[in-house]
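> This is the structure I want to talk about, given as structure tokens.
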Amino acid sequence: MIVKLAEKRGFCFGVEDAIEIAEAAVREHGPGQVIALGPVIHNPDVVRKLESAGLNQSGDLEQIEDGATILIRSHGAPPQFFERAEEKSLNIVDATCVLVTKAQQAVKHLHEEGYQVVMIGDADHPEVRGVLGYAPDIIVLDSIEEIETKLQRREKLGLVAQTTHSPEHVGEIIGAIAKRPFTEIKIINTLCLEVVRRQEAAVNLCSEVEVMFVLGGLHSANTRELARLCSDQNMETYHLESWSQFNPQMVTGKKIAGVTAGASTPEWIIQEFVEQLRLLEPAAHCATP
Ligand code: SF4
Numbered sequence: 376m377i378v379k380l381a382e383k384r385g386f387c388f389g390v391e392d393a394i395e396i397a398e399a400a401v402r403e404h405g406p407g408q409v410i411a412l413g414p415v416i417h418n419p420d421v422v423r424k425l426e427s428a429g430l431n432q433s434g435d436l437e438q439i440e441d442g443a444t445i446l447i448r449s450h451g452a453p454p455q456f457f458e459r460a461e462e463k464s465l466n467i468v469d470a471t472c473v474l475v476t477k478a479q480q481a482v483k484h485l486h487e488e489g490y491q492v493v494m495i496g497d498a499d500h501p502e503v504r505g506v507l508g509y510a511p512d513i514i515v516l517d518s519i520e521e522i523e524t525k526l527q528r529r530e531k532l533g534l535v536a537q538t539t540h541s542p543e544h545v546g547e548i549i550g551a552i553a554k555r556p557f558t559e560i561k562i563i564n565t566l567c568l569e570v571v572r573r574q575e576a577a578v579n580l581c582s583e584v585e586v587m588f589v590l591g592g593l594h595s596a597n598t599r600e601l602a603r604l605c606s607d608q609n610m611e612t613y614h615l616e617s618w619s620q621f622n623p624q625m626v627t628g629k630k631i632a633g634v635t636a637g638a639s640t641p642e643w644i645i646q647e648f649v650e651q652l653r654l655l656e657p658a659a660h661c662a663t664p
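Per my numbering, residue 376 is the first one in the sequence shown, and the count goes up by one each step.
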């Protein structure tokens with residue numbers, strides 16, 4: 376099978392940094408001595424690798440023994456979390472991505488300047504949950520329909536977006552907000568260009584292939600967004616975590632496949648997938664009557 380790769384794909388600098396920080400913390404404090412607050416990144420293979428190197432994981436700060444060492448993952452955490460960690464005398468290793476920190480600070484400053492802060496994003500995503508703590512009355516919305524139900528008429532609106540959202544999606548919502556009678560709308564661009572470049576490369580590749588494979592954790596927001604954008608090109612698209620989820624029927628009758636991967640997908644997963652896909656004989660997978 377002919378396989379084409381998206382020019383930009385896989386690990387971003389924020390994820391690479393988070394993994395390096397986690398590995399260094401385990402080396403420094405010893406296996407079993409560092410507790411990550413949730414998965415370091417949204418990729419089960421990477422999380423398993425870190426666990427086998429000795430990184431522990433807990434979802435609940437209160438369950439962690441006073442004085443322990445904790446790791447804040449790339450998605451960041453709210454300020455209240457840091458305060459509680461200090462009360463418990465926890466040693467904090469902070470792997471928050473610099474772009475997530477920038478979004479947190481943008482929210483804080485907008486609130487201090489008197490804006491009603493609105494975040495365009497998925498309210499259940501850990502990055503958004505972390506950002507929420509930086510402005511007490513922040514509103515989260517993720518669709519044009521929610522504008523009517525969630526936004527009261529206010530004079531000053533301050534907008535930010537989840538770093539991994541696509542400019543198209545965010546732009547549609549901002550356009551719809553701009554049609555409402557807000558006197559002032561201030562937009563801080565918190566979108567991650569690493570993600571935007573992967574999205575553009577994936578969409579470009581769609582015009583050259585017959586089927587797209589988007590590799591990455593099923594809970595990874597940026598990977599899901601990549602898959603959605605490819606589907607929006609009317610492209611047959613499969614979001615898989617690794618080669619183990621591949622099914623030959625996915626390429627029935629196809630000769631050229633495209634492969635891209637989210638920002639938390641390691642290169643070894645991409646390479647294994649591409650090598651296996653290239654071994655497939657296209658003629659052997661033509662549709663049978
Ligand atoms: S996708 Fe962007 S915001 Fe998220 S960790 Fe990577 S560089 Fe940071």
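Ideal placement from N, C-alpha and C gives every residue a C-beta, glycine not left out.
Bear in mind the structure is a predicted one, so any value in this text is a computation, not a measurement.
Would T612 and A602 qualify as a contact pair, given that the criterion is a beta-carbon distance under 8 Å?
yes
> For E382, count neighbouring C-beta atoms within 10 Å of its own C-beta (all shown protein chains included) and say buried if the count is 16 or more, exposed if not.
exposed
> Quick one: residues in its chain with C-beta nearer than 6 Å to the C-beta of E585, no 5 flanking neighbours on either side, listed in chain order?
Apart from sequence neighbours up to five positions away, the residues of its chain that approach E585 with a beta-carbon distance below 6 Å are K629, I631, ordered along the chain.
> Who's in the neighbourhood of the ligand SF4, going by beta-carbon under 6 Å from any heavy atom, listed in chain order?
C387, F388, G389, V390, S449, C472, L474, V475, T538, T539, C567, E569, V570, N597, A638
> Once you ignore the five residues that flank Q408 on each side, which residues in its own chain have a CB closer than 7 Å to its CB?
T444
> Sorted by chain position, which residues of the same chain lie with C-beta nearer than 7 Å to G489's C-beta, five sequence neighbours on each side aside?
K531
> Just to confirm the assignment, what range does the alpha helix (DSSP H) spanning H486 have?
473-487
> Between the segment 493-505 and the segment 422-437, do three or more beta carbon pairs fall short of 8 Å?
no
> By DSSP, does E642 sit in helix, in strand, or in coil?
helix
> Compute the Euclidean distance between the alpha carbons of Q480 and L566, then round it to the nearest angstrom.
Pairing Q480 with L566, the inter-Cα distance amounts to about 14 Å.
> Would you check if the distance between the CB atom of V626 and the CB atom of V649 is smaller than 8 Å?
no
> What residues in its chain sit with their C-beta under 8 Å from that of G405, if we drop five residues either side in the sequence?
For G405, where only same-chain residues beyond five positions count, the Cβ hits under 8 Å are G429.
> Just the C-alpha distance for S541 and F588, rounded to the nearest angstrom, thanks.
Note on geometry: alpha-carbon atoms of S541 and F588 lie some 19 Å from one another.
> Tell whether a beta-carbon distance below 8 Å holds between G508 and P556.
Against a cut-off of 8 Å, the Cβ pair of P556 and G508 comes out as no contact.
> Between V578, A510, V473, V545, which lies nearest to D497 when the distance is taken from Cα to Cα?
V545
> Measuring only the C-alpha atoms, how far is N564 from I439?
Roughly 36 Å separates the two Cα atoms.
> Taking only runs that begin and end inside the segment 559-635, name each unbroken beta strand (DSSP E) of 3 or more residues, in chain order.
559-562, 586-590, 612-615
> Can you round the beta-carbon distance between L485 and A452 to whole angstroms, since I take them to be within the 8 Å contact cut?
Contact doesn't hold; Cβ gap of about 19 Å is too wide.
> Can you look up S541 in the DSSP assignment and give me helix, strand or coil?
coil
> Using only CA atoms, which one of L412, C387, G385 lies nearest to A397?
Closest by alpha carbon: L412.
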